[in-house]
Structure formats: C-alpha cells, structure tokens
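There are 2 protein chains.
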Amino acid sequence: MKRATAQNVAIEAGVSKWTVIRAFTPGASITEASKAKVLEAAERLNYRPNLLARSLATNSTHQVAVLVDDFANPHKLPFLEKLTASLQAEGLVTMLININEHYSHVHAILNADQRQVDAIVLFGTAFHDEMLTDHKLGRGGPPMFVLARDSQIEGVPAISCDAVVAIAEIGKYLLEKGYRRPGFMAGAVHCLRRLAGGGTLRSFGEPLSGSNSSRCLPSAIAQESGAQAARDYLSKIAPEDRIDVLMCENDALAFGAMDVARSEFGLRVPNDLAIVGFDNAAPAASPAYGLTTYEQPTDQMVKATIDMILERAPRETVNFQGKLVVRGSA
Amino acid sequence: MKRATAQNVAIEAGVSKWTVIRAFTPGASITEASKAKVLEAAERLNYRPNLLARSLATNSTHQVAVLVDDFANPHKLPFLEKLTASLQAEGLVTMLININEHYSHVHAILNADQRQVDAIVLFGTAFHDEMLTDHKLGRGGPPMFVLARDSQIEGVPAISCDAVVAIAEIGKYLLEKGYRRPGFMAGAVHCLRRLAGGGTLRSFGEPLSGSNSSRCLPSAIAQESGAQAARDYLSKIAPEDRIDVLMCENDALAFGAMDVARSEFGLRVPNDLAIVGFDNAAPAASPAYGLTTYEQPTDQMVKATIDMILERAPRETVNFQGKLVVRGSA
DNA sequence: ATATTTATTGCTACCGGTAGCAAACGTGCA
DNA sequence: TGCACGTTTGCTACCGGTAGCAATAAATAT
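Residue numbers (our numbering), protein chains in the order written: chain A, 1 to 330; chain B, 331 to 660.
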C-alpha cells in the first residue's frame, strides 16, 4: 500500500491540498473546523508529511553529517551520545559517516553535501585537501566544523579542548610530582595530531626546564597500538634509560601501554612507570586502571558546536579548558 | 552563492537539462561529445546532483536509520563501526538516532519514517508498542529490523546471537569447571532483555541440574550500574551464602562488578567469585580484566542485516551462533 | 442593508530531480 | 534519392511538498 499524500487527504476531507498542509503547519491560518476535518481524514489514511519533499522545497534538511574515523577510541561513544542527543534536542538528525580506507573524507563530504545536509562535523578527524575545501564546497556547500581536534583549514572553525593549556597543566603536575624523563605517545592517524607533535613536546619540556628531553613513540590510534608501541619501547630500552612518565595522546593508548607495562614487563604503575592519558574514557575511572588523565569539557564543546551550526554563535575557532583528573597512575 | 542546478549547467553547455542529467547517469544514452561538453560546464559551475530531489523522484533515499539506546555499553562502538562501514559499502548511509528519555522509540521511528529512510534498524533496542508498529507503519512504512536482540514484534525480524545456545554453552563450561551457585545480572533498560529473564535462568539451571538456584540482580545497563548492583549484593549477602559465579548480561556490567568485587571486597577473581560477561568488548581482552565472555558473531549479524535490507535474503528472524571466549575470570 | 476589513481557502509557480514517450538526427541500404 | 532504423535529444508529466498572491467567505463598521 502506497503512503498517503496531502492530496489524498485533501480528497478524503473534501478540501484542497493546501488546507491539508495548513492543518499540519503550526500557526497556519485555518479554522478549527476544517483542521479537525483534515486531521481526522489524515488519521484514517494514516498520513504523515514527507520530510524529503519539505526539505527540497525549503532548502533545509535538518540533517547534520558527523564524520568519525577513529572508532577504536572508547571515548568516542559517550561523546557521540551527547552530540546526537543535543542535535536531536534541536530538531537535527545525525548522519553518521565512517571514514576509513574504503571511504575517504572527500567521498564523505561530497556525499553529505549532495544530500544537502545543513552542516558537516569532522568529529575527531581533520584533513588537508584544500582543493576540495576551497573550491568544491565554497559554492553553497554546507558549513564545516572540526570537533575535538584543531583545524588547519581556512574557514573551518574548530571546537576543541585547549591543548596548550592541557599540556601545560599536565606538565606542571608531573613536574611537581618529581617526574623528569617524560615520553609522549601519539596516535598516527592521518598525519594530524590533536596535541600537535613538536609543540606538545616543547610545551611539556618547558615546565620541566633543563630536564632530560622527551621521547616520542609513534603508533596508530587504538589500545592494541598503544600496547604494541609500549612493548617495542620497553623491550628496546634498558630500564635505566627509560622514561619515568608516559603521556598518551588518548586513553586507549594509555590502557594498552599500561597493560603491557604491568603484565609483560612486571612494572608497577606509577612507581616504575607513570602513565597519563587524555580523554577520561570510562575505563580510566575503574580501579583496574585508575588512570590519571585529562578530561575534555565535552558538554561545552557539543553546545558550542551546535550553537555555531544554528548560527547562534559566531562561526570561529574556540578552545575550551578541560581539567586534569588525578588518579593512581601518575 | 547558490548551488548550480542541472538547468544552470544546461544553459552553460547549450543543451537541455535532460542531457545534463544523462551525462551524470551511468549508462544513459548520450554521445561522448555532449557528455564532455556537459561535464566541462558542470565543472565550471561546480555542479553536483541534488540527491534529495533524486530521492523524492525515485522514492528511495539510500538512508538507513539506526536506533541506539545504550551508549554505555562499550561494545556498541566497534559494532557500530562495522555496521556503518558495511552500509556504506552498499551505498547506504546511516542515520544515527539516540533513544533516550527525551526521545522515544516512537518519536524516532516516526521521524525516520517521515524522512523516507529505506529501513529502520533497532540496534540493541526493542520495544513493544504494537499500536505503532502495526497501524502506523503498516502502510508503506520502511521495513524494521531488530539487531543484536530478539524481537517480540510480529513482522519485525530479529538478527541476533542465539541466546539459548550461548547460555547453554556458558552453563556447560561453568558446570565442568565446578561452579554450582550461579547468579545472573541483567540490565534493566526498557523492560526487554537480550537474554530474556526466566528462560535464561532456566537454561542455565538445567545443565547445573539439582544445584542451588540462581539469583538475579537487577540493574540498569552500564558499568556503574554493574558496580552498584554488585556492591548491593556483596554487602548484603554473607560470604558463605554467596553465588560462586556471576553471569552478566553484558561486559560493561561485568567490568563494574569485577571492579567492586576486587577493590571494595577484596575478592579474588575467579577464586572467590568467578565472573562471565557477554559481548567480548575490548577491555575484556586486557590483562586488567581478563574476562571470560561470549562473543557475538558481529560480522555475520551485520551481513545478515544488510542482506535483509537489500532483500538479498528473506526478511525473517535469524540466530547465529557465537563463541565462548575463555579468559581468567571464570 | 451595504461597505469595508479580515480570516480562510484556493491558486499558480517552484524546489531539482526522474520516467518514459516523441521528435530530430544521423546512418545504412535499396 | 528515398526510406527504414537506431541513436540522441527534448518534451510533458510527476515526485510531495512550500511560498505567496488572489479569490472567497466571514466578521465588523457605517
């Protein structure tokens, strides 16, 4: 059975299709009598307005594309929950696009654009292709935003946690605690880093002043990668030459590293090796890990993103301050 | 700058808009010459077809709504990753809808329906409201599927992991290991349970034959709830009266319970209390937990779901067999 | 009772495509 | 040169709504 249209309801109710539409348009000019008549007919035919047609006519879909490329980070899930819930509260719906080796950013953006989404959110994902950004989407394309990562792209605001402040705060804390030989573990997805490489280490080195220089362990983003990177490092470097604290770009890496350090190398955390994460993912709070980490102000970030999408706030890069969550690991 | 339409390109290229459309329709009847002419003009104007208009005309959006209500379960994330990736590989895009106290199933289904999605997948979510299912969506609505949970609803096929087999297998294993006093912890979201209440306990009780009866600890789904439920139970029941193995409806509950048992009650797992989860979520593999759990065949389930959506397979409930993953916790 | 204002209803045109028929075009063959 | 045939192009009608003007009905003023 084909679905009923406004026209069908109109015939059923003995009015014109525009009257039917009005019955479904809040605040439209229509008498109570005909509205009731229409609603009754609509009920009989089980009519529900076609939002596709409306979107076409009004040039607004109330859909927001959210691109994610790192499903390995457990932190993504609660963040995604907040984001979707908040979007829905504003009448927006989420188009979730998984960026991977078979489905590139360009692919995703082009697709979202053709589907006429109201905005595109690069969630924890950034990319370079200026050619696309500037040219293809310059002309009437949807606005783009980068969430939870910094943006290198002109005209694409970023909504993120202030990495410099975060690093400084973590560094200060570690320094006070007496750590002097820090190491940094970064995820290696897509050439960009949330806590951008050099800058990070320098900021961290600074509070530690003349201390030993930092070491960087590259890896892909994921718990298993964190484990592997830690394994490589610990088996290669003699105990006396090792770092005394490991900062990880995200908690997933930290969990992997901690697992390996404890169970494969018998190291005590934090005594033999302290570990700091970033995100305050759920398992960090569990006594099994007790990870000292840094919590992003996700509520603020989500709110800011939506405000920009709805043009309730200027569309420009903003940085929020997170907070250090001290637990047993450092 | 407004986006270019086929009509604009047509004028630019000196042809009719239908020729423009044909240039963008694979296999359409058009000469190489005019196709090149059109593509060049399209490039100049930065034309990209409007999929909204196409969807309206073809009556197919290539969008699939995925409803999720339990973001607290870490298992959802990799599952969601697979689902989105597989959908995208088939040219389908995911509309992710977050079901919560502010946004009900009915709300979500109605919205998805009005957006003309090609299918609705209740992912790990089930609901009763037959009134809606039968009446409202009976008439030309999108097909619905329940993924990773069983379906009570007539005409809504479920794609899930065979719970009876799973429970039997777990029970058999635990029996062999000598456990005799099992307890079961179920999530209490929305009245439905994946391993439906009574049946579960009976299946589990059966292999344990004449042994002590099972205990059920109700709670909401989430790690914190698991912790709370375990805390309540352990502080209330004397050590000698306690269960010897706790089966949890999902890993998140198991993690919470294990944390509490170990760190708050000093119990050794599995010696003092064995714990079994369900899902094989990422942290289960980590030495920090080493959780014995049951892995759902997610690949098969996702594939089956998509086959049904695309009508490559009959739309009927299917059950796949998972496998027991034995680790240290039981 | 009639004129004037206002609320309600119906209308045309349009959003940007698709489907499928009809005309125009070229080509091969008689 | 003329005709049949297949290809290419253009056309009308349509998908299911929205916008905003015009006509009509109802309410108020004179």
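Don't be surprised by glycine CBs; every beta carbon is placed ideally from N, CA and C.
| task | Identify every run of the beta strand (DSSP E) within the region 414-494 of chain B, keeping only runs that are complete inside it and at least 3 residues long; order them along the chain. | result | 423-428, 449-453, 474-477, 488-491
| query | So, using beta-carbon positions, are A:V117 and A:V156 closer together than 8 angstroms? | reply | Here residue 117 of chain A refers to the residue found at position 117 of the first sequence. Here residue 156 of chain A refers to the residue found at position 156 of the first sequence. Against a cut-off of 8 angstroms, the Cβ pair of A:V156 and A:V117 comes out as no contact.
| So is A:N271 buried or exposed if we call it buried at 16+ other beta carbons inside 10 Å? | For the purposes of this step, residue 271 of chain A is taken as residue 271 along the first sequence, with counting starting at 1. With fewer than 16 Cβ atoms within 10 Å of its Cβ, A:N271 is classed as exposed.
| task | Quick one: which residues of the region 30-59 of chain A get their C-beta closer than 7 angstroms to a C-beta of chain B? List them in chain order. | result | N46, R48, P49, N50, L51, L52, A53, S55, L56
| query | Relative to the alpha-carbon of A:H105, which residue among A:T58, A:S86, A:S29, A:M144 has its alpha-carbon at the smallest distance? | reply | The sequence position of residue 105 of chain A within the first sequence is 105, counting from 1. Here the closest residue by C-alpha is A:M144.
| task | Measure the alpha-carbon distance for B:P512 versus A:G183 and round it to whole angstroms. | result | Against the second sequence, residue 512 of chain B aligns to sequence position 182. Against the first sequence, residue 183 of chain A aligns to sequence position 183. Looking at the two C-alpha atoms, the distance is approximately 46 angstroms.
| query | For chain A, is any of its Cβ atoms less than 8 angstroms away from the one on B:F354? | reply | Reading the second sequence from its first residue, position 24 is the one you call residue 354 of chain B. No, B:F354 lies away from the interface with chain A (no Cβ there is under 8 angstroms from its Cβ).
| For B:A604, three-class secondary structure by DSSP | Mapped onto the second sequence, residue 604 of chain B falls at position 274. B:A604 falls in the strand class under three-state DSSP.
| request: On a CA-only basis, which of A:L56, A:S34, A:F127 is nearest A:Q114? Give me that one, please. | output: Taking the first sequence and counting its residues from 1, one reaches residue 114 of chain A at position 114. Comparing Cα positions, the closest option is A:L56.
| task | Below 7 angstroms CB to CB, which residues in the same chain sit around B:E594 once its five sequence neighbours on both sides are set aside? | result | Residue 594 of chain B sits at position 264 when you count from the first residue of the second sequence. Hits under 7 angstroms: R561.
| query | Quick one, which residues of the region 420-433 of chain B are near chain A if we go by CB-CB under 8 angstroms, in chain order? | reply | V423, T424, M425, L426, I427, N428, N430, H432, Y433
| Which bits of chain A does B:Q446 rub up against, with CB to CB less than 8 angstroms? | Within the second sequence, numbered from 1, the residue matching residue 446 of chain B stands at position 116. What B:Q446 touches in chain A: N50, L51, L52.
| said: I want to see whether chain A comes within less than 8 angstroms of B:K406, judged by CB atoms only; does it? | reply: For the purposes of this step, residue 406 of chain B is taken as the residue at position 76 of the second sequence. Chain A, which has a Cβ nearer than 8 angstroms to the Cβ of B:K406, makes this yes.
| field | Amino acids of chain B, ordered along the chain, whose beta-carbon sits closer than 7 angstroms to that of A:F123 | value | The count along the first sequence starts at 1 and reaches residue 123 of chain A at position 123. What A:F123 touches in chain B: nothing, since even the nearest Cβ is about 12 angstroms away.
| query | Under a Cβ-count criterion, where at least 16 other Cβ atoms within 10 Å of its own Cβ denotes burial, should B:A366 be classed as buried or exposed? | reply | As a first step, residue 366 of chain B must be located in the second sequence, where it is residue number 36. Flag for B:A366 reads exposed.
| query | Is the CB-CB distance between A:I237 and A:A257 below 8 angstroms? | reply | Here residue 237 of chain A corresponds to residue number 237 of the first sequence, with the count starting at 1. Here residue 257 of chain A corresponds to residue number 257 of the first sequence, with the count starting at 1. Not in contact: A:I237 and A:A257 (Cβ atoms no closer than 8 angstroms).
| said: I'd like to check one pair, A:F255 with A:G290: are the Cβ atoms closer than 8 angstroms? | reply: Counting from one through the first sequence, the residue named residue 290 of chain A turns up at place 290. Counting from one through the first sequence, the residue named residue 255 of chain A turns up at place 255. Not a contact, by the Cβ cut-off of 8 angstroms.
| query | Any idea what DSSP makes of A:N8, helix, strand or coil? | reply | Against the first sequence, residue 8 of chain A aligns to sequence position 8. Helix at A:N8.
| query | Applying the criterion that 16 or more other CB atoms from any shown protein chain within 10 Å of the CB defines a buried residue, is B:T388 buried or exposed? | reply | As a working mapping, residue 388 of chain B is identified with position 58 in the second sequence. With fewer than 16 Cβ atoms within 10 Å of its Cβ, B:T388 is classed as exposed.
| field | Nearest candidate by alpha-carbon position, reference B:I427, set A:E81, A:M247, A:D129 | value | Looking up residue 427 of chain B in the second sequence gives position 97. When each option's Cα is compared against that of B:I427, the closest is A:E81.
| request: Assign B:E579 to buried or exposed, taking buried as 16 or more other Cβ atoms, counted over all protein chains shown, within 10 Å of its Cβ. | output: By one-based count along the second sequence, residue 579 of chain B stands at place 249. Burial call: buried.
| task | Tell me, please, whether the CB atom of A:T84 is closer than 8 angstroms to any CB atom in chain B? | result | Along the first sequence, one-based indexing puts residue 84 of chain A at 84. Chain B, which has a Cβ nearer than 8 angstroms to the Cβ of A:T84, makes this yes.
| query | In chain A, which residues lie with their C-beta within 7 angstroms of the C-beta of B:S593? | reply | Mapped onto the second sequence, residue 593 of chain B falls at position 263. Chain A residues near B:S593: P287.
| Between B:K332 and A:G140, what straight-line distance do the alpha-carbon atoms span, to the nearest angstrom? | For the purposes of this step, residue 332 of chain B is taken as residue 2 along the second sequence, with counting starting at 1. For the purposes of this step, residue 140 of chain A is taken as residue 140 along the first sequence, with counting starting at 1. B:K332 and A:G140: Cα-Cα distance of roughly 5 angstroms.
| Residues bridged to A:L310 by DSSP? | Translated into the one-based positions of the first sequence, residue 310 of chain A becomes position 310. Bridge partners of A:L310: none, in fact.
| So, are the CB atoms of B:D609 and B:Q630 less than 8 angstroms apart? | Within the second sequence, the letter at position 279 stands for residue 609 of chain B. Within the second sequence, the letter at position 300 stands for residue 630 of chain B. It is not a contact, given that the beta carbons lie outside the stated cut-off.
| Measuring CA to CA, which of B:I450, B:D492, B:I500, B:V350 is closest to B:S577? | Sequence index remark: in the second sequence, residue 577 of chain B carries index 247 (1-based). Correcting the residue type first, residue 577 of chain B is Met in the shown sequence and not Ser. The shortest Cα separation from B:M577 among B:I450, B:D492, B:I500, B:V350 belongs to B:I500.
| message | Please give me, in chain order, every unbroken run of the beta strand (DSSP E) with length at least 3 that falls completely inside the region 16-90 of chain A. | response | 63-68
| query | With DSSP run on the structure shown, which of helix, strand or coil describes B:Y624? | reply | Within the second sequence, numbered from 1, the residue matching residue 624 of chain B stands at position 294. Looking at B:Y624 - three-state DSSP - the assignment turns out to be strand.
| field | For B:K653, the first and last residue of its enclosing beta strand (DSSP E) | value | Here the question's residue 653 of chain B lines up with position 323 in the second sequence. First-last of the beta strand (DSSP E) with B:K653: 653-655.
| message | Between A:P283 and chain B, is any beta-carbon pair separated by less than 8 angstroms? | response | Mapped onto the first sequence, residue 283 of chain A falls at position 283. Yes, its Cβ sits closer than 8 angstroms to a Cβ of chain B.
| field | Where the beta strand (DSSP E) through B:F595 begins and ends | value | Stepping through the second sequence from its first residue, residue 595 of chain B is reached at position 265. Looking at the DSSP string, B:F595 is not in any beta strand (DSSP E), and its letter there is neither H nor E.
| query | Looking at C-alpha atoms only, which residue of A:P49, A:R315, A:A330 is the closest neighbour of A:F24? | reply | Within the first sequence, numbered from 1, the residue matching residue 24 of chain A stands at position 24. The option with the nearest alpha carbon to A:F24 is A:P49.
| said: Against B:Q651, what residues of chain A qualify as contacts under a CB-to-CB distance less than 8 angstroms, listed in chain order? | reply: Numbered from 1 along the second sequence, position 321 holds the residue referred to as residue 651 of chain B. What B:Q651 touches in chain A: nothing, since even the nearest Cβ is about 25 angstroms away.
| Does A:Q300 come within less than 8 angstroms of chain B when only Cβ atoms are used? | For this step, residue 300 of chain A is matched to residue 300 along the first sequence. Closer than 8 angstroms: no.
| request: Could you tell me which residues DSSP puts in a beta bridge with B:F585? | output: Numbered from its first residue, the second sequence carries residue 585 of chain B at position 255. Partner(s): none; B:F585 has no beta bridge.
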